[in-house]
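Here the structure is laid out as structure tokens; the discussion comes afterwards.
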Amino acid sequence: MNMKKITLLFSTALILISTSIFTSCKDTSDETVEIGEITFYPEAGVIDAGTEINFSCETKGVSFYYILDNSRLNVNKYPTSSITTKASSCTITANHTVYVVAQDAAGNLSKRYSASYSISGTENTALYFGNPSNATTDSNAADYLTNYLLEEATYTVSFNNETHNPNWVGWHLCSTDLGSGRYDGDFMQNPKLPDEFYKVRHTDYTNGNFDRGHMCPNADRNSNDEDSKGTFYTTNIVPQTANNNQKVWATLENYERTLVSSGANEAYIFSGPYYKDDLKATDKNGDEVTYLSGKTTPTDGICIKVPTSTWKIIIAFKSGENDRTRITAENTTVIAVKIPNRHNVGSDWKSYICTIDEIEKITGYDFFAALPDTVENALEEKKYSE
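According to mature numbering (1 follows the signal peptide of the UniProt record, and there is no 0), the stretch in the sequence shown is residues -23 to -1, 1 to 363, in order.
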């Protein structure tokens, strides 16, 4: 059979998340992706337009794909942020399939060839240590509507079209993110959401008895007016009680900024809502609430769900480069909290200290998965103490 040799040469531009929008810290840098060539010989002898090439990394079981368009690489793919490994490299297996997303039956596969690649990632961005829920923009993914990846200029979101809230928001924080930038307008609908998603409006919170609670706070992104404005998308807020948002949550936000304000330290932060506590959220009247409109039963089609608690994870360490290789539990401040979303919540965030492990257990997320297991486990078990 006349076998046609197909060689795919992957460039860093196709593998790495673009770095042009992440300019908040002076030490922002890329980790080079040494992927080289992947060569395979499809049994049919040709590569058709629409052919899908599947890859999987055995060390994490993560899969992603590239589709050939007239023998050229088309970058419609699972987000590269979902590629995380436990080591500096792993083996990729390439399978040739035609016109399908799922892997074909064995008879349609080419011979298998392997290549190695180095961990990819952009330092000082939210997903540098991994994508906690493997959020995706792929409309074929089973959790597309409930785990949609939004990459904003200075933070990243997993958005849920059922709760109409973010699942989590992640960002990197350093002294150059802080300043006097301002935005005084309403919260904005996010134009990046797909058409089938409901785009929450500022007015959807009106008369709901809950604050529009930032997950990535405005004051963490006020080095200029544009970055400040960027935190006012409704994809970056959840319903929070006033005493949660304006007191205990705000106090913790202030503290995270003190960790980095001198420039000596930098931090990676995740925050989000949780819905399954035994005690429901309560509004300013003390009434239990499940949905922003309608108390415990939604009265319209919007159904913004009110979290029973909000959580946050902060890891902070000395500023520098190559963060993956130098972070340890011993040199890192770890803060994890889970704060009840109730009107009578306490004012001291230290009363709600927990561990990253505890937040992973209730959410099902996997934080900092790109770190070696020993380092990841030590961070996740560490409990904050002054």
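From the three backbone atoms N, C-alpha and C, an ideal C-beta is built for every residue, glycine too.
Identify which residue in N321, S286, K224, A244 has its Cα closest to the Cα of K295.
Of N321, S286, K224, A244, the residue nearest in Cα terms is A244.
From which residue to which residue does the beta strand (DSSP E) around D334 run?
Taken as a continuous stretch (DSSP letters only), D334 belongs to no beta strand (DSSP E), being part of the alpha helix (DSSP H) at 333 to 340.
Could you round the C-beta distance between V322 and T218 to whole angstroms and report it? I think they count as a contact, below 8 Å.
Contact flag correct, Cβ pair sits at about 7 Å.
DSSP state of H141, grouped into three classes?
Coil, per DSSP.
Rounded to the nearest angstrom, how far is the Cβ of W326 from that of S248, given a contact under 8 Å?
Actually they are not in contact, since the Cβ atoms of W326 and S248 sit about 12 Å apart, beyond 8 Å.
Distance, Cα to Cα, K224 vs N201?
Rounded to the nearest angstrom, the two C-alpha atoms are 25 Å apart.
Just confirm the distance between the C-beta atoms of G185 and I214, as a whole number of angstroms; I'd bet it's less than 8 Å.
No, G185 and I214 are not in contact; Cβ-Cβ is about 12 Å, not under 8 Å.
Could you say which of T133, G207, I330, R301 lies nearest to A112 if we only look at CA atoms?
The candidate whose alpha carbon is nearest that of A112 is T133.
Would you call the region 347 to 354 and the region 253 to 273 in contact, with 3 or more CB pairs under 8 Å?
Verdict: no, contact absent.
Let me check one thing: in DSSP terms, what residues is G147 bridge-paired to?
G147 pairs with T133, F247.
Put Y268 into one of helix, strand or coil per three-state DSSP.
Of the three classes helix, strand and coil, the one that applies to Y268 here is strand, per DSSP.
Identify whether V283 lies in helix, strand or coil by the three-state DSSP scheme.
If DSSP states are grouped into helix, strand and coil, V283 belongs with coil.
Go ahead and pull the three-state DSSP assignment for Q223.
In this structure, Q223 counts as helix in the three-state DSSP scheme.
Just confirm the distance between the C-beta atoms of C280 and H141, as a whole number of angstroms; I'd bet it's less than 8 Å.
Contact flag correct, Cβ pair sits at about 7 Å.
How many angstroms separate the CA atom of Y361 from the CA atom of A306?
Cα to Cα, the separation comes out at about 11 Å.
With 16 as the cutoff for other CB atoms within 10 Å, does T183 come out buried or exposed?
Counting Cβ neighbours within 10 Å, T183 comes out exposed, since fewer than 16 surround it.
Hey, could you find the ends of the alpha helix (DSSP H) L356 is sitting in?
Counting along the chain, the alpha helix (DSSP H) containing L356 begins and ends at 350 to 358.
For a test of the three-state rule: what should DSSP assign to Y361, helix, strand or coil?
Three-state DSSP puts Y361 in coil, outside helix and strand.
When we look at the beta-carbon of F106 and count the other beta-carbons within 10 Å, is it buried (16 or more) or exposed?
So F106 counts as buried.
With DSSP collapsed to three states, give me the class of residue 364.
With the chain covering only -23 through 363, there is no way to say anything about residue 364.
For chain B, check one thing: does any of its Cβ atoms lie closer than 8 Å to the Cβ of A313?
The question asks about chain B, but that chain is absent: this structure has only one protein chain.
What would DSSP say about E100, mapped onto helix, strand or coil?
Coil, per DSSP.
What residues match up with N231 in a beta bridge as DSSP calls it?
DSSP, once it has assigned bridges, lists no residue as partnering N231.
Going by C-alpha to C-alpha distance, which of Y342, D154, S286, N242 sits closest to P216?
Taking only the C-alpha atoms, the option nearest P216 is S286.
Is F106 helix, strand or coil by DSSP?
F106: helix per DSSP, three-state reduction.
What is the C-beta distance between R303 and L256, in whole angstroms, given that I count them as a contact (C-beta under 8 Å)?
With 8 Å as the limit, R303 and L256 do not qualify as a contact, their Cβ atoms being about 41 Å apart.
Counting pairs of Cβ atoms below 8 Å between the region 156 to 166 and the region 109 to 126, do you hit three or more?
The region 156 to 166, when compared against the region 109 to 126, does not touch it at the 8 Å Cβ threshold.
Could you check whether D343 and E335 sit closer than 8 Å to each other, using their CB atoms as the reference points?
It is not a contact, given that the beta carbons lie outside the stated cut-off.
Using 8 Å as the threshold, is the C-beta distance between E128 and E298 below it?
No, the Cβ-Cβ distance between E128 and E298 is not below 8 Å.
Going by CA-CA distance only, name the one from S270, E230, K289 that's closest to K282.
When only C-alpha atoms are compared, the closest one is S270.
If you check the beta carbons only, do residue 364 and I339 fall under 8 Å apart?
With the chain represented from -23 up to 363, any question about residue 364 goes unanswered, as that position is not in the structure.
In whole angstroms, what is the alpha-carbon distance linking L229 and M192?
Roughly 12 Å separates the two Cα atoms.
Compute the beta-carbon to beta-carbon distance between F164 and N138, rounded to the nearest angstrom, for a pair I have assumed lies under 8 Å.
Not confirmed; about 18 Å, so no contact.
Is S152 near S205, with beta carbons less than 8 Å apart?
Taking 8 Å as the Cβ cut-off, S152 and S205 do not qualify as a contacting pair.
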